[in-house]
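Numbering of the sequence shown is given in the numbering used here, commencing with residue 11 and proceeding in unit increments. Cβ atoms here follow ideal geometry from the backbone N, Cα and C, with glycine treated the same way. Here the structure is a predicted model, which means the values were calculated and not measured. Let me begin by presenting the structure, written as structure tokens, before commenting on it.
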Amino acid sequence: MWFQEKAKDHLSSYKLNTLHIEKCGKWETNKKEYQHILPEDLKDYNILETYRNDFFKYLSDSKCIKLHKDFKHLNSSQAMCFNFFFPLIHENKLNIIGEIFGDASGISGSKFEHVISPKEGTNFDFYIELQSGRKIYFEIKYSETEFGRAVKDERHIKKYYEIYRDTLKGKIKNSKLNDINIVLDNYQLFRNSYYLEKNLNDKAIFLVPEKNSNLIEEFKVFKAEALADDYHDMVRIVTWEEILEKLDIHLKKANDESSLRLLKHYEEFKIKYIFS
């Protein structure tokens, strides 16, 4: 829990010293006030100033994106996702993400909160389709203590056998295919692997802070015990620090007006989310 408490302390200081907001916001679950939560009327400040106006215009034009009820929490992974990916969309530089993951073919589509099959129901925080046909599915993590689990009830067990099991053959180790406890304990990790096509070398990427040892250790166990060897490169953890460093290199190399604006933005991103 060290990282989770440290993140809240860091964001509380950020709120006071960078945003200059003293008033606390309420957590809707228990109606208590917390320093790392923005007041409802100031929740827009969870989007970094460099692209704040652009983002909310984009949001108002979108019919598909709904802000989560905890969006006003400064540790909101939804806000973090918007803060990271939206500026690249706005500046038409999302192709850099494809290049970072080894595909320079260009972007053919992208979407926040992407649901491929309403029946299956997985919601990907961000989704990219490249002109090569490859797809990259992103799950954004910040201060979460674990990946999503599922309750061991009739509904989830039935859904696994009716929807997931056959498609997950070859993606998870055969010895774990009928181990319902392993499946439900790693439900989000399995679900995010469901749509991967090996012939296209699709990716399921979990972006996490390098200091969030809870998530990193949980993923290591999943990878070692349940994920088929052929999918180890397709289902991966990438740290925020790693992807920010690679993005920085690409933007400095481009050195155009929009890249300079983006460099400034991602410095603000680091100030908000990365701490020692």
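Reference residue i, options the options, closest by Cα
i    : options                : result
I106 : I57, I259, T39         : I259
H124 : K103, G108, I146, F111 : I146
K79  : L48, D71, S23, F94     : L48
R165 : E101, Y61, Y204, L194  : L194
F13  : D163, G116, S153       : S153
K16  : S223, P97, T249, K179  : S223
E291 : Y44, E38, N40, T39     : Absent from the model: residue 291. The displayed extent of the chain is 11 to 286, so no value can be given.
E207 : R201, E227, R144, S269 : R144
I138 : E38, F111, I75         : F111
S203 : R246, I226, I167, D54  : R246
L217 : G131, C34, F95, K36    : F95
K36  : S23, E50, N27          : E50
S142 : L69, E227, A114, Y205  : A114
I287 : N133, L69, E156        : Look at the range of the chain in this structure, 11 to 286, and you will see that residue 287 is not part of it.
F65  : K42, E101, S86, T155   : E101
K213 : F134, S127, L52        : F134
T155 : E227, C34, N209, E38   : E227
G131 : E267, Y205, A234, C34  : Y205
Rounded C-alpha distance that separates residue i from residue j
i    : j    : result
P219 : K121 : 23 Å
E277 : E252 : 14 Å
R271 : K25  : 23 Å
K67  : K103 : 19 Å
K301 : I173 : For residue 301 there is no data in the structure shown, the boundaries of the chain being 11 and 286.
H20  : F285 : 7 Å
I190 : T177 : 15 Å
W119 : K169 : It is worth fixing the name first, because residue 119 is Gly in this sequence and not Trp. When rounded, the distance between both Cα atoms is 29 Å.
Q88  : D239 : 31 Å
S269 : N184 : 46 Å
A236 : I192 : 8 Å
T60  : P97  : 9 Å
L225 : D71  : 35 Å
D54  : K179 : 43 Å
N27  : D163 : 46 Å
W250 : H275 : 15 Å
R62  : K18  : 22 Å
Q198 : K221 : 21 Å
L77  : S22  : 21 Å
E109 : N209 : 19 Å
L52  : C34  : 10 Å
C-beta contact flag for residue i and residue j at 8 Å
i    : j    : result
F148 : N196 : no
K282 : L58  : yes
G116 : L140 : yes
L84  : H30  : no
K181 : Y241 : yes
N211 : M244 : yes
N293 : F81  : With the chain covering 11 to 286 only, the question about residue 293 has no answer from this structure.
For residue i, the first and last residue of its enclosing beta strand (DSSP E)
i    : result
V218 : 213-218
Y147 : 145-150
F134 : 133-140
N-terminal and C-terminal residue of the alpha helix (DSSP H) that residue i is part of
i    : result
E252 : 250-264
L98  : 87-100
I107 : 105-110
N224 : 223-235
H166 : 164-169
E123 : No alpha helix (DSSP H) holds E123; the beta strand (DSSP E) holding it covers 117-125.
H275 : 267-283
L199 : 197-201
L206 : Careful: L206 lies outside any alpha helix (DSSP H) and carries neither H nor E.
T177 : 175-178
Q14  : 12-27
D113 : Neither: D113 is in no alpha helix (DSSP H) and is coded neither H nor E.
Supposed close pair residue i, residue j - CB separation, criterion 8 Å
i    : j    : result
I93  : F229 : It is worth fixing the name first, because residue 93 is Asn in this sequence and not Ile. No, N93 and F229 are not in contact; Cβ-Cβ is about 23 Å, not under 8 Å.
I215 : V161 : So it is not a contact: roughly 26 Å between Cβ atoms.
R201 : L187 : About 15 Å; that fails the 8 Å criterion.
F136 : C74  : With 8 Å as the limit, F136 and C74 do not qualify as a contact, their Cβ atoms being about 13 Å apart.
L273 : K262 : 7 Å
CB contact check: residue i to chain C, cutoff 8 Å
i    : result
K103 : Given the protein chain composition of this structure (a single chain), no chain C is represented.
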